[in-house]
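In the working numbering, the protein residues as written are 1 to 430. Glycine included, every Cβ here is placed at the ideal spot set by N, Cα and C. See below for the structure under consideration.
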């Protein structure tokens, strides 16, 4: 009699999914992107139920690309671990789990659009799937391309314009071709020594990579304005701030030369809030460096360090508002419909978006709380995108200015609350 007992159909079906929750929800990189994807889906479903379908495509697209980033992260981790190929069936199980997550998220979004008759959202959704598959393909081809995961979120605001110029059948063909390429690379997975380097760098830098400028004196002086807030993230924060005007002006010139409507101001406003999220994400990942920061001879105890961190956040917010307002003023001279009232709204929304994000981020003590705080990015994105839609339709901006006033108060209170929560249990804990 054989020692092996035949498995029941239910046990055979569940076998590839054993340990799935531990693998996907307890890994820092995976749960950060996957949590953002889940929050995006829930928020998009809420908007569909309430009948506000204008920004559902944006939220669903962000949910889709976040899920793609989570899958790319797990595949990168798979090839970074030497033992993954030694465990029978481990790679196949992870790949099946990744496929299940992708199919589930896309199917739920398409089903929600069909139920609420939001068929226009589906066209942009397929473009988001194509962008996500393209990113997974790049990461499978070269692991270091995962550092460009922020480009996924930059691409989201432009999908609406691209969807109007590309037929849905063309999007489906692109998705099919990219899926075929991804499947081919998944069948050839093998250990990659560069993948572990990507893993360590990505965790510490918050999945953001930008080239560094060394030896420039004024850059060092600029960095000192935001110390000690930028202690954990390093020169990446300064490079992000310097890159924002360059990106904005480049997009404006591209739109002007090729008559292509790019939401440059919307993108810059979003990146300003995202940069605030990365600041405290890096602080949580490098919390052991807090002792080194505390030992620097510039603070009068822990309260002095908290005060310095608090005021550096205000300087950073002021700098971001100045950058957004300056770029908006430049666009005001080229686009007459971009009114000064809307410019004031954009500055105020940048202030409260950054303030709430920094306040909730300062109160976060682990990656799960930092991921939940990313909901502020979605909230800011919805408000700003709806105000842009009002500007485009010629509606009054006054309601949005009235909304900015209480949100600004909330932002100031969030900063004060975050200051009390930051290092509440001392420097030996996040």
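If residue 270 and residue 381 are in contact, beta carbons under 8 Å, what's the gap, nearest whole angstrom? Between the beta-carbon of residue 270 and that of residue 381 there is about 6 Å, and that keeps the pair under the 8 Å contact cut.
For residue 81, three-class secondary structure by DSSP: Three-state DSSP puts residue 81 in coil, outside helix and strand.
Buried or exposed: residue 286, going by 16 or more other Cβ atoms within 10 Å of its Cβ? By the 10 Å Cβ count, residue 286 comes out buried.
Going by DSSP in three states, residue 181 sits in which element: helix, strand or coil? Here residue 181 sits in helix by DSSP.
Taking DSSP as the reference, what is the three-state secondary structure of residue 425? Correct three-state label for residue 425: coil.
Using CA atoms only, rank isn't needed, just tell me which of 319, 421, 249 is closest to residue 237. The shortest Cα separation from residue 237 among 319, 421, 249 belongs to 319.
Kindly indicate which residue of 426, 377, 396, 126 has the alpha-carbon position closest to the one of residue 267. Residue 267 has its Cα closest to that of 377, out of 426, 377, 396, 126.
With DSSP as the reference, label residue 404 as helix, strand or coil. Secondary structure of residue 404 (DSSP, three-state): helix.
Using a beta-carbon distance below 8 Å, is residue 280 in contact with chain E? Included in the structure is just one protein chain, with no chain E present.
Can you tell which of 110, 425, 227, 313 has the C-alpha that lies nearest to the C-alpha of residue 461? Outside the shown range of the chain (1 to 430) lies residue 461, about which nothing can therefore be said.
Within a Cβ cutoff of 7 Å, which residues of the same chain sit near residue 37, ignoring the five residues on either side of it in sequence? Excluding residues up to 5 positions away in sequence, 63, 66, 67, 70, 105 lie with their Cβ nearer than 7 Å to the Cβ of residue 37 in the same chain.
CA-CA distance, residue 170 and residue 164? Between residue 170 and residue 164, the C-alpha separation is close to 12 Å.
Enumerate in chain order the residues of its own chain whose CB-to-CB distance from residue 225 is below 7 Å, with the five nearest sequence positions on each side excluded. Around residue 225, the same chain offers 315 as residues with beta carbons nearer than 7 Å, after the five sequence neighbours per side are excluded.
Ends of the alpha helix (DSSP H) at residue 392? Annotation: the continuous alpha helix (DSSP H) that includes residue 392 extends over 375-392.
Can you tell me which of 295, 181, 354, 111 puts its alpha carbon nearest to the alpha carbon of residue 312? Checking every option, the nearest Cα to that of residue 312 belongs to 354.
If we count the other Cβ atoms within 10 Å of its Cβ and call it buried at 16 or more, is residue 446 buried or exposed? As shown, the chain starts at 1 and ends at 430. That puts residue 446 outside it, with no answer to give.
Own chain, CB closer than 7 Å to residue 350, minus 5 neighbours either side, in chain order: For residue 350, same chain residues with a beta-carbon under 7 Å away, outside a window of 5 residues either side, are 269, 272, 320, 321, 324 in chain order.
Among 374, 159, 190, 56, whose alpha-carbon lies nearest the alpha-carbon of residue 117? Among 374, 159, 190, 56, the Cα nearest to that of residue 117 is on 56.
Coil, strand or helix - residue 412 by DSSP: The DSSP-derived three-state label of residue 412 is helix.
Would you report the Cα separation of residue 413 and residue 400, rounded to the nearest angstrom? Their Cα atoms are separated by approximately 20 Å.
I'd like the list of long-range same chain contacts for residue 96, defined as Cβ closer than 7 Å, with 5 residues on each side in sequence excluded. Excluding residues within five positions, the ones whose Cβ falls inside 7 Å are 16.
Mind checking whether residue 422 and residue 352 have CB atoms under 8 Å apart? Not a contact, by the Cβ cut-off of 8 Å.
Mapping the DSSP letters down to three states, classify residue 313 as helix, strand or coil. Secondary structure of residue 313 (DSSP, three-state): helix.
Contact set for residue 31: own chain, Cβ-Cβ below 6 Å, skip 5 residues either direction: Taken in chain order, the residues that qualify are 25.
Residue 284 burial status per 10 Å Cβ neighbour count (16 or more: buried): It counts as buried.
Taking Cβ to Cβ, would you say residue 277 is nearer than 8 Å to residue 373? Yes, the Cβ-Cβ distance between residue 277 and residue 373 is below 8 Å.
What is the rounded straight-line gap between the Cα of residue 18 and the Cα of residue 304? Taking the straight line joining both Cα atoms gives about 49 Å.
Considering only residues of the same chain and omitting the five flanking positions on each side of residue 115, which have a CB-CB separation below 7 Å? Here residue 115 has no same chain residue with a Cβ atom under 7 Å from its own Cβ, once five neighbours each way along the sequence are excluded.
Nearest by alpha-carbon distance to residue 393: which of 338, 369, 21, 107 is it? Ranking 338, 369, 21, 107 by Cα distance to residue 393 puts 338 first.
In this structure, how does DSSP classify residue 88 when only helix, strand and coil are distinguished? Coil, per DSSP.
Give the straight-line distance between the Cα atoms of residue 357 and residue 410, rounded to the nearest whole angstrom. Spanning the alpha carbons of residue 357 and residue 410 requires a straight line of approximately 11 Å.
Going straight from the alpha carbon of residue 23 to that of residue 246, what length do you get? Rounded to the nearest angstrom, the two C-alpha atoms are 39 Å apart.
Test item: CB-CB of residue 250 and residue 178 under 8 Å: It is not a contact, given that the beta carbons lie outside the stated cut-off.
In the DSSP assignment, the alpha helix (DSSP H) including residue 298 goes from what residue to what residue? It is not in any alpha helix (DSSP H) - residue 298 carries neither H nor E in the DSSP assignment.
Confirm, please, whether the CB-CB distance from residue 265 to residue 317 is below 8 Å. It is not a contact, given that the beta carbons lie outside the stated cut-off.
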